[in-house]
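Participant: Just so you know, the protein sequences line up as chains A and B, in that order.
Heads up: the first sequence at position 309 corresponds to 309 in UniProt numbering, and the numbers run straight through without jumps.
Heads up: the second sequence at position 362 corresponds to 362 in UniProt numbering, and the numbers run straight through without jumps.
Where a beta carbon is used, it is the ideal one built from N, C-alpha and C, also for glycine.
Take this structure first; my questions come after.
Protein chains: 2
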Amino acid sequence: MADFSAPAATSVEPLTIMGAGLVGSLLSLYLAQRGHEVTVYERRADPRKAGFVEGRSINLALSDRGWRALEGVGIGDEIRRVAIPMYRRVMHDQQGNLTTQPYGQDNQAIYSVSRAGLNRTLLDLAEADPRVHLRFNQQCLGVDLRERQLELRDAETGQRATHAFRRLFGTDGAYSAVRAAMQRTDRFNYSQSYLDYGYKELNIEPGPGGEWLLEKNALHIWPRGQYMMIALPNLDGSFNCTLFFPFEGEKSFAALQTPAQVQAFFEEVFPDVVPLMPDLTQEYFQNPTGSLVTVRCFPWAFDDDVVLLGDASHAIVPFYGQGMNAGFEDCTVLNELLDQYGTDWHAIFEQFQQQRKPNADAMAELALYNFEEMRDRVADPRFLLQKKIESKISAQYPGKWLSLYSQVTFSHTPYAEAWRNGQRQEQIMRRLMPHIQSEADFDRAEVQHLLAQEVAR
Amino acid sequence: MADFSAPAATSVEPLTIMGAGLVGSLLSLYLAQRGHEVTVYERRADPRKAGFVEGRSINLALSDRGWRALEGVGIGDEIRRVAIPMYRRVMHDQQGNLTTQPYGQDNQAIYSVSRAGLNRTLLDLAEADPRVHLRFNQQCLGVDLRERQLELRDAETGQRATHAFRRLFGTDGAYSAVRAAMQRTDRFNYSQSYLDYGYKELNIEPGPGGEWLLEKNALHIWPRGQYMMIALPNLDGSFNCTLFFPFEGEKSFAALQTPAQVQAFFEEVFPDVVPLMPDLTQEYFQNPTGSLVTVRCFPWAFDDDVVLLGDASHAIVPFYGQGMNAGFEDCTVLNELLDQYGTDWHAIFEQFQQQRKPNADAMAELALYNFEEMRDRVADPRFLLQKKIESKISAQYPGKWLSLYSQVTFSHTPYAEAWRNGQRQEQIMRRLMPHIQSEADFDRAEVQHLLAQEVAR
């Protein structure tokens with residue numbers, strides 16, 4: 001293959017990536033920095049080219065696992081320049097009253113970044129590495145796993161071509177074509193499971209001087225029990241809002257059919273934000289209603305030939321802000337295994353799927369669980385009190401109590417371990433909270449005694 | 001379309017079935033008897049033609065739900081002629097000792113039938129109806145759901161053709177191409193889940209005069225805890241055996257690599273049957289190792305255009321002998337809905353999936369559950385004692401206690417309801433059995449008192 005013209009060391013072989021999204025482009029940097037020639041095929045056009053049409057730029061929350069993966073190839077600072085720290089949740093009730101909940105301690109934050117912008121930056125960085133070869137407009141029609149051939153169709157010329165690969169990394173997302181080929185092999189476990197909720201992206205305009213009309217360094221939530229809206233800040237002073245809403249039912253996408261219905265509904269349940277959304281009804285009917293899927297599968301590897309990473313093997317719902325972070329952590333883990341096992345690709349792929357699968361499953365559960373927290377529990381004063389108490393426990397017993405949210409978001413503890421720890425903490429809190437009616441109760445001797453017993457176990 | 005040359009009444013429209021297996025061919029009879037012209041496409045060649053190569057003819061257990069569906073189109077007697085009643089389980093232990101367990105009361109039996117033979121008979125019956133048009137060697141390459149077009153490839157000529165349909169019934173099995181098209185629509189929930197066990201078909205030869213060398217009217221089980229073998233009788237005096245065995249591990253398909261290993265293993269764990277299997281090692285290496293999948297999906301219908309039936313929507317593992325019966329019951333239920341809703345196909349498809357989905361899910365659970373019963377619990381004297389006690393309860397409280405097995409196998413109680421009843425019964429038995437050490441204990445006043453209380457609840 002023409003791309004692999006550089007003489008390769010015996011241990012440095014040419015590699016192929018299908019999918020140049022967030023995970024694929026980051027992975028190409030990792031592999032190229034190890035000396036491999038890397039060809040990356042991508043179905044879509046180059047998003048950096050003029051005239052590229054993309055959906056509304058949705059925002060993602062980058063947190064510690066993602067940062068570590070970016071820093072692993074030395075591009076953390078590059079990304080930090082376009083990221084907005086969000087230090088806390090701001091909850092908006094139906095009367096426009098605000099409550100807040102810090103995400104972590106001191107300066108801990110999650111970071112709002114534009115998916116499209118981040119992808120473009122990663123592609124620029126990948127392209128700057130002479131060992132990375134990006135090939136856009138290459139739709140994957142099929143993968144012959146045994147013959148190790150990719151069948152691609154060039155979207156511009158319509159030409160079909162077969163490309164041989166020795167090792168293929170499938171980073172082509174929740175609707176992965178590489179995974180579809182693996183799904184046809186025997187004993188491939190697979191599920192795609194949709195929520196009865198959809199989502200709709202909306203926009204909060206910047207103020208006249210480009211200022212933020214809601215608190216800038218926060219993630220905003222309008223929790224409404226069975227549904228919610230959230231908003232994340234953009235650099236230009238606008239916010240990206242997302243309404244998570246049932247497809248069917250009394251209050252649902254199906255029930256809002258006219259601009260007047262949409263306007264009335266928003267004025268009733270999100271009154272403080274309606275004045276900031278001048279294009280509300282137009283956007284509502286113009287923007288598509290997205291669906292929310294969880295994808296689980298196993299195995300992730302086909303011999304030492306093919307491996308899936310990111311959404312291709314573990315697409316999750318967005319409510320913990322961990323989809324991209326989990327995919328980036330895949331790159332970190334794979335890179336560690338490459339350090340450890342050298343050129344024993346069989347061991348690398350096998351260890352990768354054995355280590356990552358339980359963590360991906362735990363993260364899928366956590367993401368589903370957090371939807372209820374965001375749309376419902378954060379509106380409950382008892383829940384917010386419990387979170388304050390947990391924060392006091394954490395301060396009193398450093399190293400012995402890190403909240404589930406912090407373990408997931410601000411640590412590199414494997415997701416499955418974090419989930420188990422979180423479930424243990426929740427059991428303790430269920431025993432403790434009946435004795436606590438206010439923050440001051442935390443210092444009562446009875447509570448302190450109970451807590452000391454529980455922590456000592 | 002040329003097939004639909006008969007003038008159709010307004011309410012009798014031409015229909016299309018993809019898949020002429022057991023469910024597709026039976027369904028064609030149901031639809032044709034209602035006056036519809038029915039075109040049935042089938043991927044494989046006509047299995048009734050000379051030279052047709054099929055795998056070993058595996059056997060299925062036909063029970064009441066299946067019989068009702070066959071009788072609904074008047075073909076019960078036709079099939080009964082080639083079916084062998086099995087009145088009980090016969091368990092073979094490692095020393096060749098036998099124990100037995102009746103399936104039901106009196107003459108209740110499940111019936112051993114050859115899958116291939118049954119399929120051929122159903123095809124003969126379908127073809128005898130002038131409204132049924134069978135088209136073999138038609139591989140479904142894709143379905144355009146919105147345009148209502150099937151893309152077919154003729155396996156003999158290699159020609160591709162597009163066939164319009166107004167209504168399509170997908171009965172093309174666990175690896176359904178119709179379902180694959182639906183899987184690409186938004187919000188289609190789907191899972192395929194494999195056991196860590198595979199299966200291998202083997203054969204017990206007939207005796208010299210065509211006699212059965214094991215008890216004829218029984219299903220034979222060699223329960224061995226983590227694995228098992230079963231055997232069902234054929235009309236020619238032979239038995240079809242199936243070994244259900246882990247793929248990997250100490251005792252597994254992976255561990256038996258040579259004829260000597262296979263022979264030694266069978267002589268150790270199935271000593272009484274080895275003399276009846278002269279071709280054991282040859283068959284073992286010649287016959288493929290099958291895998292065991294459970295397929296769940298939803299929705300089963302696409303508008304009023306397409307609906308899935310049988311394994312295409314609910315493939316299950318074979319351990320309750322209900323895969324075919326559940327698929328045949330789909331035909332019964334659909335036919336009842338056609339009676340009820342006339343030409344309101346939207347209501348028919350919607351009611352069909354709403355009624356059948358929970359029952360298919362329950363049956364999938366039951367089938368997985370019964371694997372443990374067959375390979376392990378039937379070898380436990382306490383389990384067999386419990387089953388005898390349950391049979392006494394059933395006799396003492398007629399109409400109030402029908403065993404789970406009987407509800408599934410000898411009734412038309414919806415599977416989900418049977419499963420719930422069975423779980424309640426199991427809870428009662430857990431309270432009762434500690435008081436029972438032998439069959440005679442059943443008549444003790446304490447036991448009778450407890451039982452009366454439990455049944456009265």
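How long is the line joining the alpha carbons of Trp419 of chain B and Gln226 of chain B, rounded to whole angstroms?
Facilitator: Near 24 Å, if we compare the C-alpha coordinates of Gln226 of chain B and Trp419 of chain B.
Participant: Per DSSP, what kind of secondary structure is Ala255 of chain B in: helix, strand or coil?
Facilitator: In this structure, Ala255 of chain B counts as coil in the three-state DSSP scheme.
Participant: Could you check the C-alpha separation between Gln108 of chain B and Phe410 of chain B for me, to the nearest Å?
Facilitator: Distance between the alpha carbons of Gln108 of chain B and Phe410 of chain B: 8 Å.
Participant: For the candidate residues B:Val408, B:Phe383, B:Val40, B:Lys400, whose alpha-carbon lies nearest to that of Pro434 of chain B?
Facilitator: Comparing Cα positions, the closest option is B:Phe383.
Participant: Of all Cβ atoms in chain A, is any one closer than 8 Å to the Cβ of Ser191 of chain B?
Facilitator: It does; some Cβ of chain A falls within 8 Å.
Participant: Answer yes or no: do Pro259 of chain B and Thr281 of chain B have a C-beta to C-beta separation smaller than 8 Å?
Facilitator: It is a contact, given that the beta carbons lie within the stated cut-off.
Participant: Say whether the stretch 207-218 of chain A touches the stretch 327-344 of chain A, bearing in mind that this needs 3 or more beta-carbon pairs closer than 8 Å, one atom from each stretch.
Facilitator: No, they do not touch.
Participant: Skipping 5 residues on each side, what residues in its chain have a beta carbon closer than 7 Å to that of Ala362 of chain B?
Facilitator: Counting only Cβ-Cβ distances below 7 Å, and skipping sequence neighbours, we find Tyr415, Ala416, Trp419.
Participant: How would you call Lys200 of chain B, buried or exposed, if buried means at least 16 neighbouring beta carbons within 10 angstroms?
Facilitator: It is buried - the Cβ of Lys200 of chain B has at least 16 other Cβ atoms within 10 Å.
Participant: For Phe285 of chain B, is the classification buried or exposed, using 16 other Cβ atoms within 10 angstroms of its Cβ as the cut-off for buried?
Facilitator: Looking at its Cβ environment, which holds fewer than 16 other Cβ atoms inside 10 Å, Phe285 of chain B is exposed.
Participant: Can you list, in chain order, the residues of its chain whose CB lies under 6 Å from that of Leu70 of chain A, leaving out five sequence neighbours each side?
Facilitator: Same-chain partners within the cutoff: Gly76, Ile79.
Participant: What residue does the alpha helix (DSSP H) around Tyr341 of chain B start on, and which one ends it?
Facilitator: Note, Tyr341 of chain B: alpha helix (DSSP H), 323-341.
Participant: Just to make sure I have the definition right: I need the residues of chain A whose C-beta is within less than 9 Å of the C-beta of Ser176 of chain B. Which are they?
Facilitator: Simply none; closest approach about 13 Å.
Participant: Going by DSSP, which residues form a beta bridge with Ile348 of chain A?
Facilitator: None, per the DSSP bridge assignment.
Participant: Is there a C-beta anywhere in chain A that falls below 8 Å from the one on Tyr199 of chain B?
Facilitator: Not closer than 8 Å to any Cβ of chain A, the Cβ of Tyr199 of chain B fails to qualify, so no.
Participant: Specify, as a first and last residue, the run of the beta strand (DSSP E) that residue 481 of chain A falls within.
Facilitator: With chain A running from 1 to 457 in the structure shown, residue 481 of chain A is simply not present.
Participant: Short of 7 Å Cβ to Cβ, which residues in the stretch 275-295 of chain A face chain B?
Facilitator: For the stretch 275-295 of chain A, which is checked against every Cβ of chain B, the residues closer than 7 Å are Ser291.
Participant: Kindly list the residues whose CB is nearer than 6 Å to the CB of Met18 of chain A, restricted to its own chain and excluding five residues on each side of it in sequence; keep chain order.
Facilitator: The residues are Tyr41, Cys140, Gly170, Asp172, Val178.
Participant: Near Ile393 of chain A, what residues of its chain come up, given a Cβ to Cβ distance below 6 Å and the 5 sequence neighbours on each side ignored?
Facilitator: Trp401.
Participant: Starting from Glu201 of chain B, follow its DSSP beta bridges and name the residues at the other end.
Facilitator: The partner list for Glu201 of chain B (beta bridge, DSSP) reads B:Thr242.
Participant: Could you have a look at Asn421 of chain A and say whether DSSP puts it in helix, strand or coil?
Facilitator: Residue state, collapsed to three classes: helix.
Participant: Verify whether the separation of the beta carbon atoms of Ala301 of chain A and Ala326 of chain A is less than 8 Å.
Facilitator: No, the Cβ-Cβ distance between Ala301 of chain A and Ala326 of chain A is not below 8 Å.
Participant: Per the DSSP calculation, Asn189 of chain A is bridged to which residue(s)?
Facilitator: Answer by DSSP bridge pairing, in chain order: A:Phe298.
Participant: Quick check: Asn59 of chain A and Leu232 of chain A, are their CB atoms within less than 8 Å of each other?
Facilitator: Yes.
Participant: Could you tell me which residues DSSP puts in a beta bridge with residue 462 of chain A?
Facilitator: With chain A running from 1 to 457 in the structure shown, residue 462 of chain A is simply not present.
Participant: Is the beta carbon of Leu195 of chain A sitting closer than 8 Å to the one on Leu292 of chain A?
Facilitator: A contact, by the Cβ cut-off of 8 Å.
Participant: Does DSSP classify Glu151 of chain B as helix, strand or coil?
Facilitator: Residue state, collapsed to three classes: strand.
Participant: Cβ atoms of Glu267 of chain B and Ser238 of chain B: under 8 Å apart, would you say?
Facilitator: Contact: no.
Participant: In chain B, which residues lie with their C-beta within 7 Å of the C-beta of Asp305 of chain A?
Facilitator: What Asp305 of chain A touches in chain B: nothing, since even the nearest Cβ is about 20 Å away.
Participant: Mapping DSSP to helix, strand and coil, what is His314 of chain B?
Facilitator: Here His314 of chain B sits in helix by DSSP.
Participant: Establish whether the CB of Tyr227 of chain A and some CB of chain B are separated by less than 8 Å.
Facilitator: Cβ-Cβ to chain B under 8 Å: no for Tyr227 of chain A.
Participant: With a cut-off of 8 Å on the beta carbons, I'd call Gly198 of chain B and Phe253 of chain B a contact; round off their distance for me.
Facilitator: Correct: roughly 6 Å between the Cβ atoms.
Participant: List the residues of chain B whose Cβ lies closer than 7 Å to the Cβ of Asp186 of chain A, in chain order.
Facilitator: Simply Ser291.
Participant: Quick check: the Cα distance between Asp311 of chain A and Val295 of chain A, rounded to an integer number of angstroms?
Facilitator: Roughly 8 Å separates the two Cα atoms.
Participant: Assuming Gln94 of chain A and Val378 of chain A form a contact by the criterion Cβ under 8 Å, report the distance between their Cβ atoms to the nearest whole angstrom.
Facilitator: 14 Å between Cβ atoms; not a contact.
Participant: Looking only at C-alpha atoms, which of B:Thr16, B:Glu13, B:Tyr30 sits nearest to Phe328 of chain B?
Facilitator: Among B:Thr16, B:Glu13, B:Tyr30, the Cα nearest to that of Phe328 of chain B belongs to B:Tyr30.
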